[in-house]
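Before any comments, here is the structure.
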Amino acid sequence: MLDLEKMRELLSDEYVLLLKLHPSIQANATIPEDDFVKLFPKNQSMQEALAGADVLVTDYSSSPFEFALLSRPIYFFTPDIEQYDRERGLVTGFSELIPGEPYLTTESLARGILNDEADLDEIARFSATWNKYSEGRSAANLVDFIQKKL
33 MLDLEKMREL LSDEYVLLLK LHPSIQANAT IPEDDFVKLF PKNQSMQEAL
83 AGADVLVTDY SSSPFEFALL SRPIYFFTPD IEQYDRERGL VTGFSELIPG
133 EPYLTTESLA RGILNDEADL DEIARFSATW NKYSEGRSAA NLVDFIQKKL
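182 is the number that this note's numbering gives the last residue of the sequence shown; the numbers go up by one with no jumps.
As C-alpha coordinates, this is what we get:
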(Lines of atoms letter the chains of each structure in order from A and count residues from 1; the text may use other names and numbers.)
(Lines give C-alpha, C1' and ligand atoms only; values in the text may rest on other atoms or scores of the structure.)
Protein backbone atom coordinates (compact mmCIF):
# COMPACT_ATOMS: atom_id res chain seq x y z
CA MET A 1 0.00 0.00 0.00
CA LEU A 2 3.01 2.28 0.33
CA ASP A 3 3.51 4.09 -2.97
CA LEU A 4 7.28 3.87 -3.46
CA GLU A 5 7.21 6.22 -6.44
CA LYS A 6 5.44 8.91 -4.38
CA MET A 7 7.94 8.38 -1.56
CA ARG A 8 10.79 8.70 -4.06
CA GLU A 9 9.29 11.86 -5.55
CA LEU A 10 8.92 13.56 -2.17
CA LEU A 11 11.78 12.19 -0.08
CA SER A 12 14.68 11.09 -2.29
CA ASP A 13 16.52 14.41 -2.00
CA GLU A 14 16.94 13.93 1.76
CA TYR A 15 16.33 10.27 2.57
CA VAL A 16 17.04 6.68 1.67
CA LEU A 17 14.16 4.28 2.21
CA LEU A 18 15.45 1.16 3.92
CA LEU A 19 12.76 -1.52 3.84
CA LYS A 20 12.73 -4.29 6.41
CA LEU A 21 9.81 -6.37 5.23
CA HIS A 22 7.91 -8.94 7.24
CA PRO A 23 9.20 -12.39 6.19
CA SER A 24 5.80 -13.39 4.76
CA ILE A 25 5.81 -10.29 2.55
CA GLN A 26 9.48 -10.43 1.58
CA ALA A 27 9.08 -13.97 0.24
CA ASN A 28 6.64 -12.71 -2.42
CA ALA A 29 7.90 -9.17 -2.95
CA THR A 30 9.66 -8.01 -6.08
CA ILE A 31 10.92 -4.57 -5.14
CA PRO A 32 13.81 -3.30 -7.24
CA GLU A 33 16.55 -1.56 -5.32
CA ASP A 34 18.10 1.70 -6.45
CA ASP A 35 19.69 4.80 -4.88
CA PHE A 36 16.49 5.52 -2.92
CA VAL A 37 15.02 2.09 -2.11
CA LYS A 38 17.19 -0.42 -0.26
CA LEU A 39 16.04 -3.77 1.10
CA PHE A 40 17.42 -4.68 4.50
CA PRO A 41 18.88 -8.20 4.31
CA LYS A 42 16.39 -10.75 5.61
CA ASN A 43 19.10 -12.56 7.56
CA GLN A 44 19.87 -9.49 9.66
CA SER A 45 17.86 -8.69 12.77
CA MET A 46 15.20 -6.08 13.23
CA GLN A 47 17.33 -4.61 16.05
CA GLU A 48 20.09 -3.89 13.51
CA ALA A 49 17.59 -2.17 11.22
CA LEU A 50 16.24 -0.05 14.07
CA ALA A 51 19.70 0.91 15.32
CA GLY A 52 20.68 2.23 11.89
CA ALA A 53 17.47 4.13 11.16
CA ASP A 54 17.01 7.86 11.68
CA VAL A 55 13.23 7.57 11.32
CA LEU A 56 10.85 4.64 11.74
CA VAL A 57 7.84 4.18 9.50
CA THR A 58 5.71 1.29 10.69
CA ASP A 59 2.16 0.03 10.77
CA TYR A 60 0.93 -2.33 13.50
CA SER A 61 4.30 -3.80 14.43
CA SER A 62 5.84 -3.92 17.90
CA SER A 63 8.95 -2.14 16.59
CA PRO A 64 7.92 1.31 17.96
CA PHE A 65 8.32 0.03 21.52
CA GLU A 66 12.02 -0.67 20.93
CA PHE A 67 12.63 2.25 18.59
CA ALA A 68 11.18 4.70 21.13
CA LEU A 69 14.20 3.95 23.33
CA LEU A 70 16.32 5.74 20.72
CA SER A 71 14.29 8.98 20.97
CA ARG A 72 13.94 9.22 17.22
CA PRO A 73 10.90 10.08 15.06
CA ILE A 74 8.21 7.42 14.55
CA TYR A 75 5.48 7.56 11.89
CA PHE A 76 2.56 5.17 11.64
CA PHE A 77 1.35 4.31 8.12
CA THR A 78 -2.05 2.66 8.51
CA PRO A 79 -4.12 3.11 5.33
CA ASP A 80 -5.99 -0.13 6.05
CA ILE A 81 -6.64 0.46 9.74
CA GLU A 82 -10.37 -0.29 9.65
CA GLN A 83 -9.95 -3.46 7.60
CA TYR A 84 -6.98 -4.59 9.68
CA ASP A 85 -8.92 -4.06 12.90
CA ARG A 86 -11.93 -5.96 11.51
CA GLU A 87 -9.92 -8.90 10.20
CA ARG A 88 -7.01 -9.25 12.63
CA GLY A 89 -7.87 -6.97 15.52
CA LEU A 90 -6.06 -4.11 17.17
CA VAL A 91 -5.62 -3.27 20.81
CA THR A 92 -8.51 -1.12 22.01
CA GLY A 93 -7.63 2.55 21.55
CA PHE A 94 -4.73 1.88 19.15
CA SER A 95 -4.87 5.39 17.64
CA GLU A 96 -4.72 6.97 21.10
CA LEU A 97 -1.98 4.62 22.27
CA ILE A 98 0.54 5.30 19.52
CA PRO A 99 2.80 8.36 19.80
CA GLY A 100 1.49 10.33 16.86
CA GLU A 101 -1.29 10.45 14.37
CA PRO A 102 -1.73 7.54 11.95
CA TYR A 103 -1.12 8.46 8.31
CA LEU A 104 -3.61 7.08 5.77
CA THR A 105 -1.89 8.04 2.51
CA THR A 106 1.67 7.86 1.24
CA GLU A 107 1.63 11.56 0.42
CA SER A 108 0.52 12.60 3.92
CA LEU A 109 3.16 10.29 5.41
CA ALA A 110 5.95 11.72 3.23
CA ARG A 111 4.88 15.28 3.99
CA GLY A 112 4.74 14.45 7.70
CA ILE A 113 8.33 13.22 7.53
CA LEU A 114 9.46 16.29 5.56
CA ASN A 115 7.73 18.60 8.06
CA ASP A 116 9.19 16.77 11.10
CA GLU A 117 5.69 16.14 12.45
CA ALA A 118 6.82 13.43 14.87
CA ASP A 119 6.49 14.71 18.43
CA LEU A 120 9.63 13.61 20.28
CA ASP A 121 8.08 14.56 23.64
CA GLU A 122 5.13 12.29 22.91
CA ILE A 123 7.53 9.52 21.86
CA ALA A 124 9.46 10.01 25.14
CA ARG A 125 6.21 9.65 27.14
CA PHE A 126 5.32 6.53 25.13
CA SER A 127 8.77 5.09 25.83
CA ALA A 128 8.58 5.94 29.54
CA THR A 129 5.25 4.11 29.77
CA TRP A 130 6.17 1.00 27.79
CA ASN A 131 9.88 0.74 28.50
CA LYS A 132 10.03 1.67 32.17
CA TYR A 133 11.92 -1.53 32.97
CA SER A 134 14.33 -1.19 30.03
CA GLU A 135 17.29 0.42 31.74
CA GLY A 136 20.07 -1.45 29.94
CA ARG A 137 20.67 -3.68 32.95
CA SER A 138 18.76 -6.82 31.98
CA ALA A 139 21.70 -9.22 32.34
CA ALA A 140 22.78 -7.69 35.66
CA ASN A 141 19.20 -7.80 36.95
CA LEU A 142 18.94 -11.47 36.00
CA VAL A 143 22.22 -12.30 37.77
CA ASP A 144 21.05 -10.39 40.87
CA PHE A 145 17.73 -12.25 40.82
CA ILE A 146 19.43 -15.66 40.52
CA GLN A 147 21.92 -14.85 43.27
CA LYS A 148 19.09 -13.88 45.63
CA LYS A 149 17.37 -17.20 44.95
CA LEU A 150 20.51 -19.25 45.71
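Ideal placement from N, C-alpha and C gives every residue a C-beta, glycine not left out.
Could you give the distance in angstroms between the alpha-carbon of Glu139 and the alpha-carbon of Leu42? 8 angstroms
Mind checking whether Phe109 and Val87 have CB atoms under 8 angstroms apart? no
Our contact map puts Phe72 next to Leu51 with C-beta atoms below 8 angstroms; I'd like the distance itself, whole angstroms only. 6 angstroms
Distance check for Ile178 and Pro64, CA to CA, integer angstroms please. 50 angstroms
Based on Cα-Cα distance, which residue from Leu82, Tyr107 and Pro111 lies nearest to Phe99? Leu82
Looking at Lys38 and Ala160, is the spacing between their C-beta atoms short of 8 angstroms? no
Give me, in chain order, the residues of the same chain whose beta-carbon lies closer than 7 angstroms to that of Ser127; leave out the 5 immediate sequence neighbours on both sides. Pro134
Boundaries of the beta strand (DSSP E) in which Ile106 is found, first to last residue: Ile106 to Phe109
Thinking C-alpha only, which one of Lys164, Ser95 and Asp148 is nearest Glu80? Ser95
Please name the residue or residues paired with Val89 in a DSSP beta bridge. Tyr107
For Lys180, which residues does DSSP report across the bridge? According to DSSP, which records beta bridges pairwise, Lys180 is partnered with nothing at all.
For Lys164, write down the residues that DSSP places opposite it in a beta bridge. None, per the DSSP bridge assignment.
Alpha carbons only, please: which of Tyr165, Phe158, Asp45 and Val48 is nearest the one belonging to Phe97? Phe158
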